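All remarks here apply to the structure that follows.
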Amino acid sequence: MKSVLENVLKAESKKNEIDYGIISEIVELNVQYDGSESAEKRRRQSIIKQILENHISNGAET
Amino acid sequence: MSMVFVELKLTNWIPYSGDQNLKFNSAHDVMNMSMIRGQNKGGKSAIIRAIKWVLYGDTGDVSEYQRPLELLNRDAKNNGDFKYSVCFILYNEGKRVEITRTMSVPGGVSIAKDTDFNEELSIKEDKNYIFGDELEGYIKKILPRDISDFFLFDGEMLQQYKGLATSTTAAKKLKIQIEKVIKTPYIKAARDDMNAIKRDLLKAVKDRTDDKQIDLLLTRLEELSIKEEECSNSLERLETDVRTEEEAIKKIESNLRNHEEMIEITKELETVKKRVTHTEHNVQNAKDIMKTQSSNAWTYLASTLIGSRRSDLERKGNELSKFIDENRTNDVLNNLYKESIGHCNLCHGKLTPEQKAHIESKLQEYSTENTSDAEIQLKDIRKLLNKISNTDDLEMLRKQPASYYSNIEQLHEYNIEIENLNKQAKSSEQKDIIDLMQQKVNCENEKKQLDESIERIFNELNGPEGIRKAKKDVDLLYSKLQKDKPIYDRNQSLLELCTKVERTLSETLENLIYQVREEIEEYANEMYSKMTVESSLTSLKINEGFGLDVLDANNEKITTSSAGNQIVAMSLLYGLKKATGLNGPLLIDTPFARVDLEHRQSMLNSYAEMTDQIILLVHSGEINEGGDLEKSIAQNIGARYNIKKESDTNSRLIRI
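In order, the protein sequence lines correspond to chains P and S. Per our numbering, the very first residue in the first sequence carries number 1; after that it's consecutive. Per our numbering, the very first residue in the second sequence carries number 63; after that it's consecutive.
Next comes the structure, spelled out in C-alpha cells:
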C-alpha cells in the first residue's frame, strides 16, 4: 500500500506544477541526514541546492 | 517496509547462560504467530531487550540493564566467561541481514569491571559485510529507533496509546514518534532548508534588479526569511531543551522508584503527621467547648438558685411590654391625624369642622404617656432573663471531657507511630528523596517555562498573522509581478524553483496530518469492530493528539474498561501501521496484562490478521498451556517456546 505521505506529496506537486521526483528526493535526503547541527544542515542544504541546479540544467519543467 | 524476524541467538545474555536461540516462524504463512511463554522474572523481557540492544546498543531501560556487568549472565561471570553477544537475523526487502553485537574483555582479565569491556558490531547483508561508519546508518535505514516502538513493545505501553489525548510526557513522546513515522519532522526540516537556500538567492536576485517595486518585495521577503530561520532555530533549541528536561525527569522518577520502600514510609509519616494536626485541632476545640460550657453551667446553676425572682421579672416585663404597645398605638393615631392635614385618610375627602372637633376630642380621651423609660427597663429585664439558662449545661460539661481525653490518647498513639516510622526511615535516604523530589519540581518548572516559550514562538511563526503567512502573501505578490517578465539569470530560475518546492512542502504539511488522521480513524474502526466482543454501537474518533476517543451511538464520549483501553490501543496501532505503510512484525511482551478472558480470545483472533508476523511473549496466566485459548489459535502458532527458569541466574529456552 502506498503511504499517505506519498499520495499527498504527489497531489501537492501536481497542484504546484513541480516534479514529484525532486520533492521526494529532498524529503528522503532529510530522512537520511537528519542531524540538527549547523555543519550537517549546511551540508544537506548544499546537496539540495545541487539537486535544484541539476534540475534546471537538465531543462526539466519547474 | 517489508521485514521478517527470523532468528535470535543469545550468548550469556542476562538470564540465559551459554548459547541459546529462538527461531521465529516465517511470515506470509497461515501459522504467522510465535509464542514464547514464561513466568514473571523468568526472561521474557530479556528477549525484547536483546533485540533493542543488538540494534541500538542499549536496552532502552533508563536506570538498569545499562552497564555491561548487568547484561552479562551471572553464571558466566562467576565462571570467568566475560563475553556476551546477541545475533539477530532478519529479512529486509528480500535480503538476509545478520546483525551481531558482542561485548568482551581482553584476555588475561580475571575480575572484569564495566570499563574493561569492548564492543563490536557486525552486519552482514546477504554475503556482504557492512563496514565502519555505515553500520549505524544501516540500522537506521532498516528500522529507525524512533519507530521501533511500533514493532516491539510491552503490554503496559499499550495504555499510552489510549492516553494520547493527554499531555503526559510518554504520550507526547509517542506523538513525536508517530509524526516521525509519517515523516512530518523531515518535511518541516526540508521546508527550513528551502527557506535557507532561498534567503541567499533573494540577496543575489535583488542585487541584479532595477525595478523598485520588485526590489522592495525582495527586501521584505529576505527580512521574513531571516525571521523565519531565527524562529525555527529557536524552536529547535527549545525543543531540545524540553527533551533534556524530560529525560532528567524520567531519570529522577526512575531513581525515586529505587526508594519505593522509603517513599512509602515517608508517605505514611506525612499521613500520620496530618492526623496529628487534625487531632491537635480536635483537642483545642474540645478545650474551647469545655470553657464555654463551664460558663454556661455556672449560669444554669445560678438560675436554679433564683427561680422565684425569674417569675417576678417575667411578670414585670409583660406589664411594661403592654404599656409600651398601648402608648405606641396612640402615638400612631396622633401622627396619622396630623399628617392628614384636614382630610380623611380613607376617602381623602375634606373634614368638616364638626368632624375635626369629634376626632380631636376622641384622641384626647387617650392620654399619651412617654414610653422611653419603660423601654429601657424592659431591655434590662430581658437581658437579665436571657442570662438565666434553661438548659442543663452541667450535664453536657460532664460528657465533654470523655471526647477531650480520647483525642489526647489518640495523639499519644500517633506520636508513638511517628517515632517508630522515624526509626525505620534512614535519615540519609530521606534526604536523598527530598533532594530528588525538589530536583523534579525544578525540572518541571523549567520545562513549563520552555513549553510556554515554544507556544509563543510557534504562534509568531505559524499564527494567522504569523511570519509564514506574511511570507506566503509577499511570495504570491512577487510571482504576480514577475509573471511575463523575462528570467534573466540562473539565480532567478533557482529562486522560482525554490519557492515552488517550499510551497509544495508547506501545503503537504497542512494536508498530511489531516489525511493521516482520517485514514488512521478508518482502519482503527475496522479493527475495533472485530475486537469488541459485545455487539456495540460504539465507534472511535481520532483527536488532535492522535489519540482515539470512544463514542456511543449519540456521538457522546464514553469511558472504557482496562480491556477496552487495550482494544482501543491495538486498534490505533493497527490504524497507524496501515495508514503509514509500516508493514512488519509485531512483538508484544505481556499482551493481555489487563484484559479479561473473553476479550483475550477476540484480540488473539485479530492479532493474526493485524500483521504478517506476530510474536507474543506471554506468562502462563495470560494464555494457559493447553487451555481453550491456546487451542483456539493453535492453527496460527508456528513456533512455540517455553522459558524454563532453572535458577535465579539461568533460564533455558525450550522449543515445544
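All C-beta atoms in this analysis are idealised placements derived from N, C-alpha and C, irrespective of residue type, glycine included. In this text the structure is predicted, and so the values were computed from the model without any measurement.
| Check | Outcome |
| --- | --- |
| Beta-carbon contacts of E342 (chain S) that lie in its chain and below 7 Å, excluding the five residues immediately before and after | L473 |
| Contact with chain P by Y703 (chain S), beta-carbon distance below 8 Å | no |
| Chain S contacts made by the region 38-51 of chain P, where a contact means CB separation under 8 Å | K41, R44, Q45, I48, K49 |
| Spatial neighbours of Q118 (chain S) in its chain, beta-carbon cut-off 8 Å, leaving aside the 5 residues before and after | According to the sequence provided, residue 118 (chain S) is Tyr. The question's Gln does not apply to it. Around Y118 (chain S): I201, R207, S210. |
| Residue-chain proximity (V4 (chain P), chain S), Cβ-Cβ < 8 Å | yes |
| S79 (chain S) versus G700 (chain S): straight-line alpha-carbon distance, rounded | 26 Å |
| Cut-off 8 Å between Cβ atoms - residues of its own chain near V124 (chain S), not counting five sequence neighbours on either side | K312, K313, S316 |
| C-alpha gap between K85 (chain S) and E581 (chain S), whole angstroms | 35 Å |
| Exposed unless 16 or more other CB atoms sit within 10 angstroms - verdict on D269 (chain S) | exposed |
| Local Cβ density within 10 Å of E17 (chain P), reported as buried at 16 or more and exposed below that | exposed |
| Contact set between the region 544-558 of chain S and chain P, restricted to residues whose Cβ is under 9 Å from the partner | R552, S555, L556, E558 |
| CB of W75 (chain S) within 8 Å of CB of N135 (chain S), strictly | yes |
| Residues that T566 (chain S) contacts on chain P, provided the C-beta gap is smaller than 7 Å | E12, S13, N16, I18, I23 |
| Simplified DSSP assignment, three categories, for F86 (chain S) | coil |
| Secondary structure, alpha helix (DSSP H): runs of 4+ residues fully inside the region 508-582 of chain S | 529-544 |
| Residues of its chain near N344 (chain S), where Cβ-Cβ distance is below 7 Å and the 5 sequence neighbours each way are ignored | N469 |
| Contacts that N54 (chain P) makes with chain B (C-beta to C-beta distance below 9 Å) | The question asks about chain B, but that chain is absent: this structure's protein chains are P and S. |
| Coil, strand or helix - N704 (chain S) by DSSP | strand |
| Distance between E25 (chain P) and I56 (chain P) (C-alpha atoms, nearest Å) | 15 Å |
| Neighbour list for N30 (chain P) in chain S, Cβ cutoff strictly below 8 Å | Y248, I249, A251, A252, D255 |
| Close Cβ partners of L29 (chain P) (< 7 Å) along its chain, the five nearest in sequence each way excluded | R44, I47, I48 |
| Distance, L610 (chain S) Cα to A227 (chain S) Cα | Low confidence applies to A227 (chain S): its pLDDT is 48, below 50, so where it sits in the model is not reliable enough to give any reading. |
| is_contact[C293 (chain S), chain P] using C-beta, thresh 8 Å | no |
| Nonlocal neighbours in the same chain, by C-beta distance under 6 Å from D494 (chain S), ignoring five residues either side | none |
| Where the beta strand (DSSP E) through N154 (chain S) begins and ends | 146-154 |
| Opening and closing residue of the beta strand (DSSP E) in which R163 (chain S) lies | 157-166 |
| Among S:S96, S:D176, S:V167, nearest to Q128 (chain S) - alpha-carbon criterion | S:D176 |
| Span separating the alpha-carbon of T600 (chain S) from that of S624 (chain S) | 16 Å |
| 8 Å Cβ cut-off: residues of chain P touching I209 (chain S) | Per Cβ cutoff of 8 Å: no residues; I209 (chain S) is ~11 Å from chain P at best. |
| Classification of E517 (chain S) by the beta-carbon crowding that lies within 10 angstroms, buried from 16 upward | exposed |
| Cβ of A266 (chain S) within 8 Å of any chain P Cβ | no |
| Reference Q544 (chain S); option with closest CA among S:P168, S:I173, S:L278 | S:L278 |
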